[in-house]
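Per my numbering, residue 102 is the first one in the sequence shown, and the count goes up by one each step.
Cβ coordinates follow ideal geometry from the N, Cα and C atoms, glycine included.
Predicted model only: the values in this text are computed from it and were never measured.
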Amino acid sequence: MAEDATALAEDGSLTGRRGSRRMLGKQPAAAILLCAVLSAAAAAATASNLTVQLPSALWLQSLTAPDIDDMRQVLVHYAFLPRLTVSLLCGAALGLAGTVLQQVLRNPLASPETVGVSAGAYLALALATLLAPSLLAYGREWVALAGAFVAISAVFALSWHKGLSPLSVVLAGLVVSLYAGAVGAALIVLRHEWLTSLFIWGAGSLGQQDWTTTLWLLPRIGAAALVIGLMVRPLTLLGLDDEGARSLGVPLGVYRFAGLAASVALIAFVVAAVGVVGFVGLAAASLARIGGARRLSQRLVMAPLIGAALLWAADQAVQLATRAQGDLLPTGAITALLGAPLLLWLLPRLALGLEIPALTEERLPRTGRPGLVLATIGLSLLLLLGLALLYGPGPDGWTFAFGDQLQPLLSWRWPRVSAALAAGAMLALAGLMMQRLTGNPMASPEVLGISAGAALGMMVALFSLDDAGRPAQTAAATVGAFAALLVTLAMGRRAAYAPERLLLAGVALTALFDALILVLTATGDPRAVKLLNWLTGSTYGVDAGAALLTGAIAFCLLLLAPLFLRWLDMLPLGSSAVQSLGVDVPKTRLLVLLMVAALTAASTLIVGPLTFIGLMAPHLTRRLGLARALPQAAGAVLVGALIMVAADWIGRTVIFPRQVPAGLVATLIGGPMLMWLLRRR
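Okay, structure coming up:
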């Protein structure tokens, strides 16, 4: 990011013809070419779609003065053209918002989903649908805006005492997003029949019936973009570390708040108008940067253009493929199907800038007695195991079971408890290794794309086999997980497995697989509900054999963990420092990634990909003062196991005889804990 400050100085010193020539010579040619190619493809698809609906001789008339007696012209004027305009506006807004977020938060993975706005809007609509449907009469966009406002207010409240520092905002946004998403997913699992219509909206549906949405979006997006344009110079300096920015007299808190507020406003307007359009904000900002737009001023121009072209092309592709059924296929999901392969193709070919490790930006507490902290967590885990195995609801209410009464219950209790413990421990260790490898607080096993690959394998098994039993599902998920890992490693090999490249490749793969899942879920197929239950971290189908296998794998992998501790202590220092100590950085990164993949795949096959233990457990232990690799790893393993065992126990007993997936409960438990620690520190 230091290159932005250099660029700013250069911009101030360039004058006359010489400055113009230098600026022209530094234009992001690759990003401009990419935007042109996407626009050309979108224009060709638009012409094809328009030709089907109306002869070319009537195009101009349908745009300016449609004949109301000709239904074809009416549909083009009030449905096709507004949809095209909305796709351009929303794509540009998301691209601009993603760029500002990445700059303010100094994180290449920052995106509209990072700050919790999308999840907050989705949760507000779900709650309104179930509890107060009369609110929807005032307009869906106002309910969504209210949810988005509550979500970002929570993010600001959790990070305000830290001066809205990048790390605190990222962590607060992730926690709020996970928590709101978990509550929304729980509502869908429990009241699926009432919330089916939200699936399409949640994946971004751009269908229009008039120009109302366009006229609603245009002034709001324009005002937010104008505010961002007036802050280019201070936003550029926010890319420096805090001390460097303060030395230049930049009021960090003021400009961070203004930048975040403007970007969040853009996201909220888009979500309120058309729903959650994922991946565009991240993809557009990343493609602009790796396409040669190094200066912030260049990225603020190129990212909106790429975002608009990407969403325009995706929406026209949806209409070209589905024709009359285009409104039933969510464009937001198709955007990922188009943008993710594009990002994966460009990653090995274009250079990425170096990012400042984020884990070193905030001074977290250090405990002088790590043994006492670990002993407390371990004792809590033992007590919880006893409760999970012995205590539960029955015909006479909640009772402890012993002796003959306990024997039949153990046959189905211990496999689930054992699997939850092993999976939680493995995911926590995988998350710790990812965060220390990348120096990124947003890194987790899910980000590598391994979990999404397992989900895709599971999806293929469910939809291609007539009777996909657990062995077939497990085999398919295993193949999908390691296929995703191989793709991620192939993307990072040319850059010596550089963390930023790996994370972006993993995010692209995750978006690609999630898009496929969203499309299938939006169809309403009953098999999609079964897939959703597994995605939310269910231990329903775990038997004794699966529990023993998972436990054995976890035991073997945890025995290997001490071999990585020295590397995990050094990797957050940066590649240059680690290499100066005689460590082979590419080989070390590869070995750590393989360990993370094995841990993630083994646990994902049991409890699904969406537990987020790998994100929460390392942060919880770090906030408790466990700083070095050994105590933090031990603490993360214990905390991960503790949360998953508690989640499984609560999920199968709290609304007995119905059950809530353990992964959702884990997020509902861990989220408030992490919020409390973030606010307290």
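By Cβ distance below 7 Å, which residues in the same chain neighbour residue i in space, the five residues on each side in sequence not counted?
{"i": "Thr722", "result": "Gln733, Gly736, Ala737, Val740"}
{"i": "Leu460", "result": "Note that Leu460 scores 43 on pLDDT, short of 50, meaning its location in the model is unreliable; the coordinates nonetheless yield the value given after this. So the list reads Gln536, Gly540, Pro542, Pro673, once near-sequence residues are dropped."}
{"i": "Ile478", "result": "Gly736, Leu739, Val740, Leu743"}
{"i": "Leu349", "result": "Leu338"}
{"i": "Leu522", "result": "Ala742, Met745, Val746"}
{"i": "Leu776", "result": "Strictly speaking, residue 776 in this sequence is Met, with Leu absent from that position. Here the set comprises Leu259, Val276."}
On the three-state DSSP scale, how would you describe residue i?
{"i": "Gly498", "result": "strand"}
{"i": "Tyr356", "result": "helix"}
{"i": "Tyr239", "result": "helix"}
{"i": "Ala459", "result": "For Ala459, the predicted structure reports a pLDDT of 44, less than 50, and the residue's modelled location is therefore unreliable. A value from the coordinates is still provided. Note: Ala459 maps to helix in three-state DSSP."}
{"i": "Gly487", "result": "helix"}
{"i": "Tyr492", "result": "strand"}
{"i": "Gln508", "result": "helix"}
{"i": "Phe564", "result": "helix"}
{"i": "Ile368", "result": "helix"}
{"i": "Gln128", "result": "coil"}
{"i": "Gly642", "result": "coil"}
{"i": "Arg759", "result": "coil"}
{"i": "Ser163", "result": "helix"}
{"i": "Val690", "result": "Looking at the sequence shown, residue 690 is not Val but Arg. DSSP places Arg690 in helix when its eight states are reduced to three."}
{"i": "Ile707", "result": "helix"}
{"i": "Leu674", "result": "helix"}
Would you please state the rounded distance, in angstroms, between the beta carbons of residue i and residue j? I believe it to be under 8 Å.
{"i": "Ala252", "j": "Ala273", "result": "Incorrect: roughly 10 Å between the Cβ atoms, too far for contact."}
{"i": "Gly652", "j": "Ser481", "result": "That pair is no contact at about 20 Å."}
{"i": "Leu191", "j": "Leu412", "result": "As written in the sequence, residue 191 is Cys, which differs from the Leu given in the question. Their Cβ separation, rounded to whole angstroms, is 6 Å, which keeps Cys191 and Leu412 in contact under 8 Å."}
{"i": "Ile407", "j": "Phe370", "result": "Their Cβ separation, rounded to whole angstroms, is 19 Å, which puts Ile407 and Phe370 out of contact at 8 Å."}
{"i": "Ala655", "j": "Ala730", "result": "At roughly 19 Å, the Cβ-Cβ gap does not stay under 8 Å, so Ala655 and Ala730 are not in contact."}
{"i": "Pro546", "j": "Thr701", "result": "4 Å"}
Between residue i and the rest of its own chain, which residues show a CB-CB distance below 6 Å, the 5 nearest in sequence each way excluded?
{"i": "Pro405", "result": "Ala193, Gly196, Leu197"}
{"i": "Thr705", "result": "Ser552, Ala555"}
{"i": "Val222", "result": "According to the sequence provided, residue 222 is Ala. The question's Val does not apply to it. Counting only Cβ-Cβ distances below 6 Å, and skipping sequence neighbours, we find Ala245, Gly248, Ala249, Val372."}
{"i": "Ala389", "result": "Ala132, Arg400, Met403, Ala404, Ile407"}
{"i": "Leu557", "result": "Gly581, Phe614"}
{"i": "Ser260", "result": "Ser269, Val270, Ala273"}
{"i": "Pro719", "result": "Gly532, Leu533, Gln536, Ala737"}
{"i": "Leu307", "result": "Arg184, Val187, Ser188, Val375, Asp416, Thr432"}
{"i": "Ala476", "result": "none"}
Quick check: what's the CA-CA separation for residue i versus residue j?
{"i": "Val378", "j": "Gln309", "result": "15 Å"}
{"i": "Ile770", "j": "Val276", "result": "11 Å"}
{"i": "Leu610", "j": "Ala699", "result": "18 Å"}
{"i": "Ala410", "j": "Val561", "result": "31 Å"}
{"i": "Ser677", "j": "Leu765", "result": "40 Å"}
{"i": "Asp670", "j": "Leu151", "result": "59 Å"}
{"i": "Arg514", "j": "Ala573", "result": "24 Å"}
{"i": "His178", "j": "Tyr239", "result": "26 Å"}
{"i": "Gly264", "j": "Trp750", "result": "39 Å"}
{"i": "Leu716", "j": "Leu236", "result": "35 Å"}
{"i": "Val686", "j": "Asn208", "result": "22 Å"}
{"i": "Ala287", "j": "Val761", "result": "7 Å"}
{"i": "Gly72", "j": "Leu491", "result": "Residue 72 lies beyond the stretch modelled for the chain, which goes from 102 to 782, so this question has no answer here."}
{"i": "Leu445", "j": "Ala616", "result": "15 Å"}
{"i": "Leu660", "j": "Arg759", "result": "37 Å"}
Going by other Cβ atoms of all chains shown within 10 Å of its Cβ, with 16 needed for buried, is residue i buried or exposed?
{"i": "Ile169", "result": "exposed"}
{"i": "Gly285", "result": "buried"}
{"i": "Ile756", "result": "exposed"}
{"i": "Tyr641", "result": "exposed"}
{"i": "Asp416", "result": "buried"}
{"i": "Cys136", "result": "buried"}
{"i": "Ala143", "result": "buried"}
{"i": "Ser398", "result": "buried"}
{"i": "Glu242", "result": "buried"}
{"i": "Tyr356", "result": "buried"}
{"i": "Met172", "result": "exposed"}
{"i": "Arg470", "result": "exposed"}
{"i": "Arg467", "result": "exposed"}
{"i": "Leu316", "result": "exposed"}
{"i": "Ser188", "result": "buried"}
{"i": "Gln506", "result": "exposed"}
{"i": "Gly772", "result": "buried"}
{"i": "Gln508", "result": "exposed"}
{"i": "Pro663", "result": "exposed"}
{"i": "Gly525", "result": "buried"}
{"i": "Gln420", "result": "buried"}
Given residue i, which residues of its chain have a CB within under 8 Å of its CB, disregarding the five upstream and five downstream residues?
{"i": "Ile368", "result": "Ala194, Leu195, Ala198, Pro213, Val216, Val218, Ser219, Ala249, Gly382"}
Using a beta-carbon distance below 8 Å, is residue i in contact with chain C?
{"i": "Asp567", "result": "In summary, chain C is missing from the structure at hand, where a single protein chain is found."}
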